[in-house]
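Here the structure is laid out as C-alpha cells; the discussion comes afterwards.
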Amino acid sequence: MLNGGICGALLDCHSNWTAAWHLMNANKLDVPPCTVTAEFHVKLRKPTPTDRPVKLRARVVESSASKAVVEATLEAHGEVTCTCRGVFVAVKEGHRPSTAGSARPGRTRKCFPAAPARTSEPERLDGRALASSIDTELPPSSGGRAPRCPVPR
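Heads up: the sequence shown at position 141 corresponds to 1218 in my numbering, and the numbers run straight through without jumps.
If you want it as C-alpha cells, here you go:
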C-alpha cells in the first residue's frame, strides 16, 4: 500500500504543476511561473495499492491572474483512493517564505521552468474553457524506490 503522506505529496506536486501550466497559458507566458502551495486539503478514501499503475488527475476549478484552485484525484485499479483541493499562488523568482517552515530563513527558493506539458482538452465550467487538466500515470512500485514527482511533459 502507498503511504498516505506519499499520496498527499504526489497530489500536491501534480496539482502545483497543473496550476503553473494553467497560469502560464492564461497569462500568455513563455514558461510556467514559480508557484507555491498556499492551502492544501487531502482526503484519504481507501488504501492505495502499488501492484499496478496509479493515475493522477488534476484540473483548475477557479483562477485569477496569479492564483489557481486545483482539484485532483489519485486512482488505483480504476477507483479513486484519495482526493485533494489546493490553492496555488504564483510568486516572483527569489521568493522568501514569510513564515517559519521547511525553508531556512534568508534562503531563497529557486524556481525552474517546466518541460512542455501533455494536456488534455480544456475543462469547461459554466460554458467556457477554464484551464488545462493534466493526467499522469505512474508505474507500480519497483524495488522500494519512491516514484518521482510527475512533471508534465
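We put the beta carbon where it would ideally sit given N, CA and C, even for glycine.
*Through-space distance from Thr1112 to His1091, alpha-carbon basis*: Residue numbering aside, residue 1091 sits at position 14 when the sequence shown is read from its first letter. Residue numbering aside, residue 1112 sits at position 35 when the sequence shown is read from its first letter. Going by the C-alpha atoms only, they are around 12 Å apart.
*With Ala1097 as the anchor, note down where its alpha helix (DSSP H) starts and where it stops.*
Start at 1 with the first residue of the sequence shown, and residue 1097 comes out as number 20. From DSSP, the alpha helix (DSSP H) with Ala1097 extends over 1081 to 1103.
_Using 8 Å as the threshold, is the C-beta distance between Gly1163 and Thr1125 below it?_
Position 86 of the sequence shown, counted from the start, is the residue given in the question as residue 1163. Position 48 of the sequence shown, counted from the start, is the residue given in the question as residue 1125. No; because the gap between Cβ atoms is not below 8 Å, this pair is not in contact.
*asked:* Using only the alpha-carbon positions, how far apart do Glu1116 and Asp1128 sit?
replied: For this step, residue 1116 is matched to residue 39 along the sequence shown. For this step, residue 1128 is matched to residue 51 along the sequence shown. Between Glu1116 and Asp1128, the C-alpha separation is close to 31 Å.
*Leu1106 burial status per 10 Å Cβ neighbour count (16 or more: buried)*: Taking the first residue of the sequence shown as position 1, residue 1106 is located at position 29. With fewer than 16 other Cβ atoms within 10 Å, it is exposed.
*Just the C-alpha distance for Lys1120 and Ala1096, rounded to the nearest angstrom, thanks.*
Position 43 of the sequence shown, counting from 1, holds the residue named residue 1120. Position 19 of the sequence shown, counting from 1, holds the residue named residue 1096. Answer to the nearest angstrom: the Cα atoms are 20 Å apart.
*Glu1214 to Ser1140, Cα distance in whole Å?*
In the sequence shown, counting from the first residue as 1, residue 1214 sits at position 137. In the sequence shown, counting from the first residue as 1, residue 1140 sits at position 63. Taking the straight line joining both Cα atoms gives about 25 Å.
_Span separating the alpha-carbon of Arg1230 from that of Val1166_ = Mapped onto the sequence shown, residue 1230 falls at position 153. Mapped onto the sequence shown, residue 1166 falls at position 89. Residue confidence is low: Arg1230 scores 46 on pLDDT, short of 50, so the model does not pin down where it sits. Its coordinate-derived value is still stated next. Between Arg1230 and Val1166, the C-alpha separation is close to 21 Å.
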